[in-house]
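Engineer: Chains as they are written, first to last, in the UniProt record's numbering: chain Z, 1 to 251; chain G, 1 to 251.
Protein chains: 2
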Amino acid sequence: MNSGVVFPRPNPKVLADDGDELRFCSTCAFSQACLAEGMDKSALMDLHVLVEHVGPLHAGDHVFREGDPFEAIAAVRAGTVKTCTVDPEGREQVLGFHLPGEVIGLNAIHGDRYPCNAVALDTVMLCRFSFPRIAMLATRLPNLQQQLFRLMSRDIGVASLFAGNHSADERMAAFLVSFSRRLAERGFSPRRFQLTMSRTDIANYLRQAPETVSRVLRRFEQSKLVSIKQRDVEILDMPRLEAMALAVLRH
Amino acid sequence: MNSGVVFPRPNPKVLADDGDELRFCSTCAFSQACLAEGMDKSALMDLHVLVEHVGPLHAGDHVFREGDPFEAIAAVRAGTVKTCTVDPEGREQVLGFHLPGEVIGLNAIHGDRYPCNAVALDTVMLCRFSFPRIAMLATRLPNLQQQLFRLMSRDIGVASLFAGNHSADERMAAFLVSFSRRLAERGFSPRRFQLTMSRTDIANYLRQAPETVSRVLRRFEQSKLVSIKQRDVEILDMPRLEAMALAVLRH
DNA sequence: CGCAGATTTGATGATTCTCAAGCATGGTGG
DNA sequence: CCACCATGCTTGAGAATCATCAAATCTGCG
Chain Z
1 MNSGVVFPRP NPKVLADDGD ELRFCSTCAF SQACLAEGMD KSALMDLHVL VEHVGPLHAG
61 DHVFREGDPF EAIAAVRAGT VKTCTVDPEG REQVLGFHLP GEVIGLNAIH GDRYPCNAVA
121 LDTVMLCRFS FPRIAMLATR LPNLQQQLFR LMSRDIGVAS LFAGNHSADE RMAAFLVSFS
181 RRLAERGFSP RRFQLTMSRT DIANYLRQAP ETVSRVLRRF EQSKLVSIKQ RDVEILDMPR
241 LEAMALAVLR H
Chain G
1 MNSGVVFPRP NPKVLADDGD ELRFCSTCAF SQACLAEGMD KSALMDLHVL VEHVGPLHAG
61 DHVFREGDPF EAIAAVRAGT VKTCTVDPEG REQVLGFHLP GEVIGLNAIH GDRYPCNAVA
121 LDTVMLCRFS FPRIAMLATR LPNLQQQLFR LMSRDIGVAS LFAGNHSADE RMAAFLVSFS
181 RRLAERGFSP RRFQLTMSRT DIANYLRQAP ETVSRVLRRF EQSKLVSIKQ RDVEILDMPR
241 LEAMALAVLR H
């Protein structure tokens, strides 16, 4: 398995500036979001100039590593990226899972180094943005600046989502609901989806033992909240799941 | 006790544009930080124009409330501010404590409303910055923009500091060390300081029961790690405390 | 002085972790 | 094609950390 760092050296093949790139990149949710913020066509062109399409990365590939010098942020275009730290004793701490349309690396600006690892959980495609260049561009494009502010602001809130002291059931329900909603935002089905990460990763993220995750999911299944086959999830009773998650998500 | 929202209506008395304001505001750590980032004198003047000095606020006063429309960020100049949410059942969740030199409100950009309450824990002085105006200014002053990016980026990291699944002792040690370091950054003593928040607030922040906080602190005192009289803390063995906190803080 | 709120302390209990073993699953090579 | 292995997942039993409940103590303040 290739576990090298591929992020700082984007594959030249996927950077080809062929005629399809503009259309191709219009599927990049990050650009889309900027567009939605009122950026005009020429502004979008400026963005395209500094986008690098990276990938495909495969499960286990690192997007960046903790301690690497910070150079760029990236928008996930396809697949799932896990961010995590490793403490001095080698124990991993999962910080988050990042779905298509979400941006990673924003927590590296302060410190000039990535404070965590970013690892592909499946086949991942990225849009890479040199940060100095996008920041420079943002001084000319207020909408872009505003969008960057918004993205970072949201990450602050997301990071404290699971900060509370809730039960294992509540955290798991919140995890499933949150995952479902984020998928729905990008046009995926909110009822049927695949958990691309291992039980161990979920457990770590939710501050639980993997055994607890397994037991909670089984109980959810027994109470007809969800149906689970391997990593495939079908949500059967969204209202009740949302009710359980309410204490964590607050809406 | 006055528990009204004072933030959106700064006290006119402290906004007086007398000759001392420039010197006065030079004690505002936010401006200082921007200065340190290489802003020249005229840039600083631009900042001063849009600063509003707010305060003094007293213990229990709200700086802003969850749900209030987002208009401004604020730098703490003196005192301590607690940010917290309240869930549908009325249970509070403490998100953080903010010391002089730290900025609050950055998590409100996304959503256009404050996602949490901000409450003064003691006598608090603030610098208030209209966000639309400071964002506008940031397009002209790349150093200011960069500073805002940095502040938000740091908040992402801070929010996930206590995300890990650590023991009560480790979290408390990390809390004390982190508090001490942040005070030291601003020139306060890192060995002797006052915990301006209640045990209940600390407990909530660390996901513990107040009783657990009490017991952990007593054990710390018995092992000569710290000396505690009410809310006054003296750290007696910083190396050992830092060692305990290592798993949480990672440095 | 006495009251209200905060903190401490002790006893008990429950959620969750740990340890250990069994069971699927998916890929590999014979 | 099937046995085999590695990995991840599940399940059960026992243990431990930490929360809860109850009550005493302390503190600041009117």
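We put the beta carbon where it would ideally sit given N, CA and C, even for glycine.
Since the structure is predicted, the reported quantities are computational estimates derived from the model, not experimental observations.
1) Under three-state DSSP, which class holds G:Leu183?
2) If distances are taken between C-alpha atoms only, which option among G:Thr212, G:Asn107 and G:Glu92 comes closest to G:Leu151?
3) In angstroms, rounded to a whole number, what distance separates the CA positions of Z:Ala245 and Z:Phe175?
4) Measure from the C-beta of residue 254 of chain Z to each C-beta in chain G and report whether the shortest distance is under 8 Å.
5) Pick helix, strand or coil for Z:Pro115, following the three-state DSSP scheme.
6) Where does G:Ser223 land, buried or exposed, given buried means 16+ other C-beta within 10 angstroms?
7) Tell me whether Z:Met197 is buried or exposed, calling it buried when 16 or more other Cβ atoms sit within 10 Å of its Cβ.
8) How is G:Lys13 classed by DSSP in three states: helix, strand or coil?
9) Going by Cα to Cα distance, which pick from G:Gly157, G:Arg113 and G:Arg182 is closest to G:Leu99?
10) Going by CA-CA distance only, name the one from Z:Gly164, Z:Arg240 and Z:Ser180 that's closest to G:Val86.
11) Please report whether the beta-carbon of G:Asn117 lies at a distance below 8 Å from any beta-carbon of chain Z.
12) What would DSSP say about G:Val6, mapped onto helix, strand or coil?
13) Going by beta carbon distance, what residues of the same chain come within less than 8 Å of G:Gly96, once the five residues before and after it are set aside?
14) Quick one: any contact between the stretch 124-141 of chain Z and the stretch 47-54 of chain Z, if contact means 3 or more CB pairs under 8 Å?
15) List the residues of chain G that Z:Asp155 touches, going by C-beta distances under 7 Å, in chain order.
16) Classify G:Ser130 as helix, strand or coil using the three-state DSSP reduction.
17) Going by the CB atoms, is the gap between Z:Ser180 and Z:Ile104 shorter than 8 Å?
18) Kindly indicate if chain Z contains any beta-carbon less than 8 Å away from that of G:Val14.
19) So the alpha helix (DSSP H) G:Thr147 belongs to, where does it begin and stop?
20) At a CB-CB cut-off below 8 Å, which residues of chain G make contact with Z:Pro88?
21) Decide if G:Glu211 is buried, meaning its Cβ has at least 16 other Cβ atoms within 10 Å, or exposed.
22) List, in order along the chain, the chain G residues whose C-beta lies closer than 8 Å to that of Z:Met45?
23) So G:Ser160 contacts chain Z; which residues on that side make the cut at Cβ distance below 7 Å?
24) Use the C-beta contact count for G:Ala243: other C-beta atoms within 10 angstroms, 16 or more gives buried, fewer gives exposed.
25) If I'm right that G:Ala72 touches G:Arg154 with Cβ under 8 Å, what's the distance once you round it to whole angstroms?
26) Alpha carbons only, please: which of Z:Ser214, Z:Ala75, Z:Asp61 and Z:Asp68 is nearest the one belonging to Z:His53?
27) Rank Z:Ser178, Z:Ser214, Z:Gln93 and Z:Ile202 by C-alpha distance to the C-alpha of Z:Arg191 and give the top, closest one.
28) To test your reading of the DSSP string, which unbroken beta strand (DSSP E) runs of 3 or more residues are found completely within the UniProt domain "HTH crp-type" (166-239) of chain Z?
29) With respect to the beta strand (DSSP E) encompassing Z:Leu57, which residues constitute its N-terminal and C-terminal limits?
30) Is the Cβ of residue 316 of chain G closer than 8 Å to any Cβ of chain Z?
31) State the Cα-Cα distance for the pair G:Ala120 and G:Arg77, rounded to the nearest angstrom.
32) Residues in the UniProt domain "HTH crp-type" (166-239) of chain G with C-beta within 7 Å of chain Z's C-beta atoms, listed in sequence order?
33) Using the Cα positions of Z:Gly111 and G:Glu102, report the straight-line distance between them to the nearest angstrom.
34) Can you tell me which residues form a DSSP beta bridge with G:Lys82?
35) State yes or no: is the beta carbon of G:Arg133 nearer than 8 Å to at least one beta carbon in chain Z?
36) Using C-beta distances below 8 Å, list every residue in its chain close to Z:Pro115, excluding the 5 sequence neighbours before and after it, in chain order.
Structural biologist: The short version:
1) Taking the first residue of the second sequence as position 1, residue 183 of chain G is located at position 183. G:Leu183 falls in the helix class under three-state DSSP.
2) Along the second sequence, read from residue 1 onward, the residue named residue 151 of chain G stands at position 151. Here the closest residue by C-alpha is G:Asn107.
3) Position 245 of the first sequence holds residue 245 of chain Z. Position 175 of the first sequence holds residue 175 of chain Z. For Z:Ala245 and Z:Phe175, the distance between alpha carbons rounds to 8 Å.
4) In the structure as shown, chain Z starts at 1 and stops at 251, and residue 254 of chain Z therefore has no counterpart that could be examined.
5) On the first sequence, position 115 is the one that residue 115 of chain Z refers to. The answer is coil: DSSP assigns Z:Pro115 none of H, G, I, E or B.
6) Numbered from its first residue, the second sequence carries residue 223 of chain G at position 223. Under this definition G:Ser223 is an exposed residue.
7) Here residue 197 of chain Z refers to the residue found at position 197 when the first sequence is read from its first residue. Classification for Z:Met197: buried.
8) For the purposes of this step, residue 13 of chain G is taken as the residue at position 13 of the second sequence. Any reading at G:Lys13 is ruled out, since the residue's pLDDT is 38, under 50, leaving its predicted position unreliable.
9) If you number the second sequence from 1, residue 99 of chain G lands on position 99. It is G:Arg182 whose Cα lies nearest to the Cα of G:Leu99.
10) As a first step, residue 86 of chain G is located in the second sequence; it is residue number 86 there, counting from the start. Per the Cα distances, Z:Gly164.
11) For this step, residue 117 of chain G is matched to residue 117 along the second sequence. Taking Cβ atoms only, chain Z never reaches closer than 8 Å to G:Asn117, which makes this a no.
12) For the purposes of this step, residue 6 of chain G is identified with residue 6 of the second sequence, where counting begins at 1. At G:Val6 the pLDDT is 48, less than 50, meaning the model places this residue with poor confidence and gives no usable figure here.
13) Mapped onto the second sequence, residue 96 of chain G falls at position 96. Closer than 8 Å at Cβ, skipping near neighbours: Lys82, Thr83, Val158, Ala159 and Tyr205.
14) yes
15) Your numbering for residue 155 of chain Z matches position 155 in the first sequence. Correct list: Ile156.
16) In the second sequence, residue 130 of chain G corresponds to position 130, counting from 1. Three-state result, G:Ser130: strand.
17) Counting from one through the first sequence, the residue named residue 104 of chain Z turns up at place 104. Counting from one through the first sequence, the residue named residue 180 of chain Z turns up at place 180. Taking a C-beta distance under 8 Å as the contact criterion, Z:Ile104 and Z:Ser180 do not qualify as a contact pair.
18) As a first step, residue 14 of chain G must be located in the second sequence, where it is residue number 14. Because the pLDDT at G:Val14 is just 39, under 50, the model does not fix this residue reliably, and the value given afterwards should be weighed accordingly. Chain Z contact via Cβ: absent.
19) Taking the first residue of the second sequence as position 1, residue 147 of chain G is located at position 147. It should be pointed out that residue 147 of chain G corresponds to Gln in this sequence rather than to Thr. If you look at G:Gln147, you'll find it in the alpha helix (DSSP H) that goes Pro142 to Ala159.
20) Counting from one through the first sequence, the residue named residue 88 of chain Z turns up at place 88. Within chain G, the residues near Z:Pro88 are Leu246, Ala247 and Arg250.
21) Along the second sequence, read from residue 1 onward, the residue named residue 211 of chain G stands at position 211. Per the 10 Å Cβ criterion, exposed.
22) The residue labelled residue 45 of chain Z in the question sits at position 45 within the first sequence. Going along chain G, no residue has its Cβ under 8 Å from Z:Met45, so there is no contact; the nearest lies around 19 Å.
23) The residue you call residue 160 of chain G lines up with position 160 of the second sequence. Near G:Ser160 (Cβ distances below 7 Å), the residues of chain Z are Leu95 and Ala159.
24) Taking the first residue of the second sequence as position 1, residue 243 of chain G is located at position 243. Flag for G:Ala243 reads exposed.
25) As a working mapping, residue 72 of chain G is identified with position 72 in the second sequence. As a working mapping, residue 154 of chain G is identified with position 154 in the second sequence. With 8 Å as the limit, G:Ala72 and G:Arg154 do not qualify as a contact, their Cβ atoms being about 19 Å apart.
26) As a working note, residue 53 of chain Z is residue 53 in the first sequence. The residue with the shortest Cα to Cα distance from Z:His53 is Z:Ala75.
27) Residue numbering aside, residue 191 of chain Z sits at position 191 when the first sequence is read from its first letter. The shortest Cα separation from Z:Arg191 among Z:Ser178, Z:Ser214, Z:Gln93 and Z:Ile202 belongs to Z:Ser178.
28) 192-194, 226-229 and 232-235
29) The sequence position of residue 57 of chain Z within the first sequence is 57, counting from 1. Segment Val51 to Leu57, the beta strand (DSSP E) holding Z:Leu57.
30) This structure cannot speak to residue 316 of chain G, because chain G is shown only from 1 to 251.
31) Within the second sequence, residue 120 of chain G is the residue found at index 120, counting from 1. Within the second sequence, residue 77 of chain G is the residue found at index 77, counting from 1. One C-alpha to the other measures close to 12 Å.
32) Arg207
33) One-based indexing of the first sequence puts residue 111 of chain Z at position 111. One-based indexing of the second sequence puts residue 102 of chain G at position 102. So the two alpha carbons sit approximately 16 Å from each other.
34) Your numbering for residue 82 of chain G matches position 82 in the second sequence. Note: G:Lys82 sits in a beta bridge opposite G:Phe97 and G:Val119.
35) Looking up residue 133 of chain G in the second sequence gives position 133. No, no contact with chain Z.
36) In the first sequence, counting from the first residue as 1, residue 115 of chain Z sits at position 115. Excluding positions up to five away in sequence, the list reads Glu66, Thr85, Asn107 and Ala108.
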